[in-house]
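Peer 1: Residue numbers (the numbering used here): 81 to 351.
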Amino acid sequence: MPELPEVETTLRGLSPHLQGQRIKQAIIRNANLRWPIPDNLSAMLRKQTIQALNRRAKYLLLECDDGTLILHLGMSGSLRVLPANTPAEKHDHFDLLLENGTLMRLRDPRRFGAVLWHTGDISQHKLFASLGPEPLLEDFDGAYLYRVTRKRSAAIKLVIMDSQVVVGVGNIYASESLFHAGIRPQLPAGKLSLPRCNRLVQTIRETLSASIAQGGSTLRDFTDSNGKPGYFQQTYRVYGRTGEPCRMCETSIKQIVQGQRSTFYCPVCQK
DNA sequence: CGCCAGGCCTGCACGC
DNA sequence: TGCGTGCAGGCCTGGC
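(1) How would you call residue 197, buried or exposed, if buried means at least 16 neighbouring beta carbons within 10 angstroms?
(2) At what residue ranges does the stretch 84 to 163 contain a whole run of the alpha helix (DSSP H), taking only runs of 4 or more?
(3) Helix, strand or coil, according to DSSP, for residue 275 in the structure here?
(4) Suppose you measure from the CA of residue 129 to the CA of residue 179; what does that come to, to the nearest Å?
(5) Can you pull the DSSP bridge partners for residue 334?
(6) Taking 7 angstroms as the cut-off, decide whether the C-beta atoms of residue 340 and residue 264 are in contact.
(7) For residue 287, does the three-state DSSP call read helix, strand or coil?
(8) Helix, strand or coil for residue 216? Go by DSSP, reduced to three states.
(9) What does DSSP give as the partner residues of residue 172 in its beta bridges?
(10) What residue range is occupied by the uninterrupted beta strand (DSSP E) comprising residue 195?
(11) Tell me, please, which residues DSSP counts as bridged to residue 182.
(12) Going by the DSSP bridge assignment, what does residue 265 pair with across the sheet?
(13) Counting C-beta neighbours from all protein chains within 10 Å, is the total for residue 332 16 or more, i.e. buried, or is it exposed?
(14) Just curious, the alpha helix (DSSP H) that residue 240 is in, first and last residue?
(15) DSSP state of residue 306, grouped into three classes?
(16) I'd like to know whether the C-beta atoms of residue 272 and residue 229 end up nearer to each other than 7 angstroms.
(17) With DSSP collapsed to three states, give me the class of residue 177.
(18) Hey, could you find the ends of the alpha helix (DSSP H) residue 229 is sitting in?
(19) Who are the near neighbours of residue 318 in its chain, counting only those whose CB is closer than 7 angstroms to its CB and skipping five residues on each side?
(20) Would you call the stretch 184 to 202 and the stretch 210 to 221 touching, i.e. three or more CB-CB distances under 8 angstroms?
(21) Have a look at 205, 241 and 156 and flag the residue whose alpha-carbon is nearest the alpha-carbon of residue 189.
(22) Using DSSP with H/G/I as helix, E/B as strand and the rest coil, what is residue 351?
(23) Who are the near neighbours of residue 127 in its chain, counting only those whose CB is closer than 6 angstroms to its CB and skipping five residues on each side?
(24) Near residue 105, which residues of its chain fall below 6 angstroms by C-beta distance, leaving aside the five closest residues on each side in sequence?
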């Protein structure tokens, strides 16, 4: 369940190991991810230097000399840095072996992740062309959210999970942010006032930032082959707490389905 | 054994 | 036309 904070933590953990390093070899053990890993990827990556590592939405971007390696962790993916001779296990589908002996390994049991190669401007890539703003950058603010929700009758929870509105707000943080903002997930987006849009933007930023900060504390384990790099269990306010007492008012937390996924909320604290 | 979770893309039908 | 919306389907495995 990598959400944006896990992806950001992974980025920060990988960067010092990978930045400026030259790729010796890419190994594809199972190309069958969400989309097939391109056939020619190994040839493309050979001798490429990783100039910079970045993140857009939940995609990790390894910017190389001649193009960008796009990585997505899907539901169950994780990336680790390991010694070059570490034996691969069952769900280890992709390796990047660096000339300095470092190995970056993708493990993804459910194979919802992705490994893609793109040359040219990444914003032109099909997957990136219509993405909304990053939730932690300044162009995502209350005025923006107010403007883009005006004519939308869909539930606010679905709208903040719409990657054209804002990226990186997954199912867990959507429920959590709405709880902190005191907004009922079913509320038609167009009915939110400007102050409530301001508040919701604030709580989205805060829940994501707090989680990233917490993830940072696990970074020392990033290269530990036994650990789960950059992943962290948190205490949620509503997510997964169906029937348990609200931490604010003790009312039983409700679970509903929106857009074929579970939503959790407090029927008293959220209006 | 069956069912569910999850990210996120794709396709369909429908109404304005 | 082209969009927003609601729905379903696909991909996959581990855990209950």
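Cβ atoms here follow ideal geometry from the backbone N, Cα and C, with glycine treated the same way.
Peer 2: In short, the structure shows the following:
(1) buried
(2) Those alpha helix (DSSP H) runs which fall completely within the stretch 84 to 163 and span 4+ residues are 84 to 98 and 121 to 125.
(3) If DSSP states are grouped into helix, strand and coil, residue 275 belongs with the helices.
(4) 10 angstroms
(5) 345
(6) no
(7) helix
(8) coil
(9) 187
(10) Annotation for residue 195: the continuous beta strand (DSSP E) segment containing it runs 194 to 198.
(11) Residue 182 pairs with 163.
(12) DSSP lists no partner for residue 265.
(13) exposed
(14) 236 to 240
(15) Only weak support exists for where residue 306 lies, its pLDDT of 36 falling under 50; the value from the coordinates is given anyway. Of the three classes helix, strand and coil, the one that applies to residue 306 here is coil, per DSSP.
(16) Contact: yes.
(17) strand
(18) 222 to 229
(19) 255, 256, 259, 333, 344, 345 and 346
(20) no
(21) 156
(22) coil
(23) none
(24) So the qualifying residues of the chain are 177.
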